[in-house]
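Oh and the sequence shown: position 226 is 226 in our numbering, straight run, nothing missing.
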Amino acid sequence: MLKSIYIFSLLFFIIICIIPFRDYSITYLEPKINATEKKDPEDRFVTTALKKEYVEESLIYFTEAKDLNKDAPMVSAESALVIDMNTNKIIYAKNEEVKKPVASLAKVMTAIIAVEHAKMDEKIKISSTAAKVGENTMGLKKDEKFTLEELLYGLILDSGNDSAYAIAEHVGKTEQEFVKFMNRKANLLGAYNTKFVDSSGLNSQNKEFYSTAIDMAKMAVYSQNNHKELKKIYATFIKELPETEEHEYKYLENQTNLLTTYPGDGGMKTGYTEEAGVCLISYAENDGKKVLVVILYSTDRRGDSILLLDYGFNQLGVHVEHNLL
1 MLKSIYIFSL
11 LFFIIICIIP
21 FRDYSITYLE
31 PKINATEKKD
41 PEDRFVTTAL
51 KKEYVEESLI
61 YFTEAKDLNK
71 DAPMVSAESA
81 LVIDMNTNKI
91 IYAKNEEVKK
101 PVASLAKVMT
111 AIIAVEHAKM
121 DEKIKISSTA
131 AKVGENTMGL
141 KKDEKFTLEE
151 LLYGLILDSG
161 NDSAYAIAEH
171 VGKTEQEFVK
181 FMNRKANLLG
191 AYNTKFVDSS
201 GLNSQNKEFY
211 STAIDMAKMA
221 VYSQNNHKEL
231 KKIYATFIKE
241 LPETEEHEYK
251 YLENQTNLLT
261 TYPGDGGMKT
271 GYTEEAGVCL
281 ISYAENDGKK
291 VLVVILYSTD
301 RRGDSILLLD
311 YGFNQLGVHV
321 EHNLL
């Protein structure tokens with residue numbers, strides 16, 4: 001009888017230990033790749049790129065701060081999140097797990113995939129399809145050639161949908177294949193409530209395109225911590241691409257206007273469609289403290305972001321001087 005009780009207690013303890021508890025961690029999963037699904041065994045997108053991704057392990061845990069939302073300001077955003085990037089603590093959260101279209105914030109993932117699977121100096125020839133992509137563009141023309149780095153500046157500063165498509169075609173061979181890789185990476189980061197349908201985020205009317213404030217924070221934190229080349233681009237206000245034999249002169253200006261007004265701001269990414277509303281990911285560093293803010297479906301993303309950046313730094317004991325509000 002005592003032996004049976006002991007065995008039952010041991011089994012119960014083992015089960016409790018292995019049940020996965022819900023948290024905000026970014027985890028890498030073992031790839032589940034069916035060899036029969038590999039249409040082209042020589043395709044670098046399936047072999048080299050995937051192999052590289054799966055061997056790069058990194059765990060990031062978001063935990064709630066003790067004084068979460070204490071004395072927090074009112075913001076118009078339907079979803080919002082503030083992260084202390086020094087400790088990965090959530091300082092403020094509002095509907096952070098509600099699925100919403102995120103418009104051009106999708107380009108944060110597009111940039112990650114690009115730099116992890118192509119070299120910055122690789123030349124990319126612009127297709128007629130990429131040149132015809134509308135809405136926000138960096139003004140690409142058919143048969144022009146740019147380096148990946150140049151296209152990334154257009155992707156982030158001008159939020160170029162044409163740049164996103166050109167990068168997707170180059171890295172993934174087709175945009176559809178590139179999007180598969182975006183979704184795979186999101187899953188690897190633990191962004192389980194995210195689904196991309198294109199490389200630009202332009203197709204926000206598609207009900208299958210969504211993410212959450214906390215998922216976008218995972219992608220942004222991952223990008224900031226792992227890709228210095230992207231961090232530099234996000235923090236650039238103006239970039240000029242001189243005219244060459246391969247492309248026309250381009251003047252690119254960052255749409256993240258806090259970059260030149262909020263102290264310590266390192267930029268990040270804007271987004272807007274009618275369905276997504278105005279969105280913004282902001283990153284700033286002051287007195288060694290790093291704060292990330294995600295705003296989804298706001299009526300005043302600039303004001304909301306300033307309020308939440310101030311709140312984040314104040315909670316960390318840093319007072320940021322400005323006259324923006």
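Built from N, CA and C at the ideal position, the CB exists for glycine as well.
With at least 16 other beta carbons inside 10 angstroms of its own, asparagine 254 counts as buried. Per DSSP, the unbroken beta strand (DSSP E) holding phenylalanine 146 starts and ends at 145-147.
Contact between valine 294 and alanine 235 is ruled out by a C-beta separation of about 18 Å, above the 8 Å threshold. Rounded to whole angstroms, the separation of the alpha carbons of lysine 94 and alanine 131 is 39 Å.
Segment contact: the stretch 160-171 against the stretch 113-132, three or more CB-CB distances shorter than 8 Å; contact assigned.
Rounded to whole angstroms, the separation of the alpha carbons of lysine 66 and glycine 312 is 13 Å. Below 8 Å, too few C-beta pairs join the stretch 172-185 and the stretch 140-158 to call them touching: fewer than three. When the beta-carbon positions are compared, lysine 141 and serine 199 stay at least 9 Å from each other. Short of 6 Å from the beta carbon of leucine 259, and not among the five residues preceding or following it, lie these beta carbons of its own chain, in chain order: Phe237, Asp265 and Gly267.
With distances taken between CA atoms, proline 73 lies nearest to Asp304 out of Tyr283, Asp304 and Asn257. With 16 or more neighbouring CB atoms inside 10 Å of its own CB, histidine 117 falls in the buried class. If you compare the alpha carbons of Ala114, Pro101 and Val318 with that of threonine 147, the shortest gap goes to Ala114. Within the same chain, Cβ atoms closer than 7 Å to the Cβ of proline 242 are found at Tyr249, the five residues on either side in sequence being excluded.
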